[in-house]
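Those protein sequences? They're chains A and B, same order as listed.
Just so you know, the first sequence maps onto residues 1 to 148 in the working numbering.
Just so you know, the second sequence maps onto residues 1 to 97 in the working numbering.
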Amino acid sequence: MTDLPHDHLERRLARTLGLGTWIGSTVIAVGFLASLRLPIGGAIEMAGVAIFIALPVLRLALMLATFARRQEWAFAATAALVLLIIAISAASSAKPADGAQGRSRPVQRNSAVTSISPTMAALNAGRPHRPSRNPSTRLVSSRAAMAS
Amino acid sequence: MDTALRLPIKVSSATSTFMIGVTAAASAAAYFLRGDIIPAIAGPIVLGSVLGALAGAKLVLAVPDGRLRLLFVATLALLSLQMALAAFGVNLARGMA
Chain A
1 MTDLPHDHLE RRLARTLGLG TWIGSTVIAV GFLASLRLPI GGAIEMAGVA IFIALPVLRL
61 ALMLATFARR QEWAFAATAA LVLLIIAISA ASSAKPADGA QGRSRPVQRN SAVTSISPTM
121 AALNAGRPHR PSRNPSTRLV SSRAAMAS
Chain B
1 MDTALRLPIK VSSATSTFMI GVTAAASAAA YFLRGDIIPA IAGPIVLGSV LGALAGAKLV
61 LAVPDGRLRL LFVATLALLS LQMALAAFGV NLARGMA
């Protein structure tokens, strides 16, 4: 017992999350700069966003593995449960997007967003136009909404 | 949390930030897989959030409890004012930009 196992996990998590945040930020910054000139900038930005979304999931996986190795089953089960919830929510909402990226139904999307976050509700309320179906015009109208 | 549980403001804000992260993780992947994330908007927001998080983490440690509460309330008041005005079609950012 020279080194508390708790300490070790915390430090490893901090290092993983910190490193991941820097990598994700760099990728997004590169993508943002690229998007000013090149059409693939958006794709690079999305890769950065994917890194950010993967980080908490990675953290949970790391915690699950560590707690399982330490045989702290209550904590391991909790981590597994949260991972399961994330997996279910991802799997259940991935279906409509299959082969139809950006063709989601705007009305349903807005109502879902509104129910989740009052901030988004307020933002949507201030938006003069509903986002349109076409991803490119949706982008333009959102930009116009931000500028106006 | 602050008033009901009588937690120190630093503890309550750290806890709520952590909880927002966990709950957001469940929906973020779903929105991403649906293709509902617009990179032109998400990119700058992420960069700004990371900078704000770094600055905020330093600020929380440096500023004493009382002043932090004041700062927090003032920020929330400003944000709620902006949101309320946005609901009526007035945009503060346009005037300042």
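Beta carbons are placed, not taken as given, at the ideal position from N, Cα and C, and that holds for glycine.
Check                                                                                                              : Outcome
Three-state secondary structure (DSSP) of D65(B)                                                                   : helix
Alpha-carbon spacing of L13(A) relative to G89(B), whole angstroms                                                 : 43 Å
Near-chain A residues of the stretch 25-56 of chain B - C-beta to any C-beta below 8 Å                             : A25, A26, S27, A28, A29, A30, Y31, F32, L33, R34, G35, D36, I37, I38, P39, A40, I41, A42, G43, P44, V46, L47, V50
Residue nearest to S104(B) in terms of C-alpha spacing, selected from L79(B), L78(B), L68(B)                       : A query on residue 104(B) cannot be resolved here, the shown segment of chain B reaching from 1 to 97 and no further.
Interface partners of P21(B) on chain A, CB under 7 Å                                                              : The sequence shown places Gly at residue 21(B), not Pro. Result: P56.
DSSP-derived helix/strand/coil call for P8(B)                                                                      : coil
Reference V49(A); option with closest CA among P56(A), I28(A), G20(A), V82(A)                                      : I28(A)
Closest Cα partner of A91(A) within the set A29(B), L54(B), G52(B)                                                 : A29(B)
Close-in-space but distant-in-sequence residues of the same chain around F67(A) (CB under 8 Å, 5 per side omitted) : W73, F75, A76, A79
Three-state secondary structure (DSSP) of I37(B)                                                                   : coil
Proximity test, L68(B) beta-carbon vs the ligand ATP heavy atom, cut-off 6 Å                                       : For the structure depicted, the ligand ATP is absent and the ligand set is empty, with no information on it obtainable.
Members of the stretch 33-55 of chain A that neighbour chain B once the beta carbon cut-off is set at 9 Å          : S35, G41, G42, A43, I44, E45, M46, G48, V49, A50, F52, I53, A54, L55
Option nearest A24(B) by Cα separation, candidates A54(A), R70(A), S35(A)                                          : A54(A)
Sequence-distant residues of the same chain with beta carbon closer than 6 Å to A97(A), five excluded per side     : Low local confidence applies: a pLDDT of 46 at A97(A) is under 50, so the model's placement there is unreliable, with the coordinate-based value given in what follows. Cβ within range, chain order: n/a, list empty.
Assigned exposure category for I20(B) - 16 Cβ within 10 Å defines buried                                           : exposed
L82(A) versus A86(B): straight-line alpha-carbon distance, rounded                                                 : The sequence given here places Val at residue 82(A); Leu does not occur at that position. When rounded, the distance between both Cα atoms is 36 Å.
Contact set for G41(A): own chain, Cβ-Cβ below 6 Å, skip 5 residues either direction                               : G31, A34, S35
Selected residue, minimal CA-CA separation from I23(A), among R11(A), F52(A), E10(A)                               : F52(A)
Simplified DSSP assignment, three categories, for G90(B)                                                           : In the sequence as displayed, the identity of residue 90(B) is Val instead of Gly. V90(B): coil per DSSP, three-state reduction.
I88(A) to L33(B) span [Cα, whole Å]                                                                                : 12 Å
I150(A): contacting residues in chain B (beta-carbon distance under 7 Å)                                           : The shown model of chain A, from 1 to 148, leaves out residue 150(A), and the question about it has no answer.
Own chain residues within Cβ distance below 7 Å of Y84(B), not counting five before or after                       : Looking at the sequence itself, residue 84(B) is Ala, so the reference to Tyr does not match. Answer for A84(B): no residue qualifies.
Within chain B, partners of G31(A) - CB distance below 9 Å                                                         : P39, G43
Local conformation of P56(A) per DSSP, three classes                                                               : helix
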